[in-house]
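Trainee: Numbering (the working numbering), first residue to last: 282 to 367. Idealized CB from N, CA, C, for every residue including glycine. Since this is a predicted model, take the numbers as computed values, not measurements.
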């Protein structure tokens with residue numbers, strides 16, 4: 282998954298901020314740091330769109346996306362379970 286696509290998907294969901302909004306790029310870098318383990322300076326060098334073609338980064342973001350989706354599913358499932366228990 283391209284870093285810009287990852288950011289569009291997860292930064293907007295987690296932080297309620299859209300591309301072009303003030304602070305979006307910083308939040309995007311924070312999310313990419315969390316997902317890849319890379320440092321701010323390394324990610325910041327990818328340019329204004331924060332895109333890279335490094336295969337290991339694309340693969341890490343695929344995995345992070347999958348884990349994030351699974352986390353959301355489990356969270357929703359637990360909410361449903363709690364509501365049924367009441």
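Figure out for me which residue from 323, 364, 362 and 354 has the closest Cα to the Cα of residue 284.
Mentor: 323
Trainee: Going by beta carbon distance, what residues of the same chain come within less than 7 Å of residue 330, once the five residues before and after it are set aside?
Mentor: Same-chain partners within the cutoff: 285.
Trainee: Report buried or exposed for residue 291, applying the criterion of at least 16 other Cβ atoms within 10 angstroms of its Cβ.
Mentor: buried
Trainee: With residue 331 as the anchor, note down where its alpha helix (DSSP H) starts and where it stops.
Mentor: Per DSSP, residue 331 belongs to no alpha helix (DSSP H) and is neither H nor E.
Trainee: Taking only three categories from DSSP, how would you classify residue 297?
Mentor: coil
Trainee: Which residues in the same chain have their Cβ closer than 8 Å to the Cβ of residue 338, if we skip the five residues on either side of it in sequence?
Mentor: So the qualifying residues of the chain are 284, 317 and 319.
Trainee: Could you please give the first and the last residue of the uninterrupted alpha helix (DSSP H) stretch that includes residue 314?
Mentor: 305 to 317
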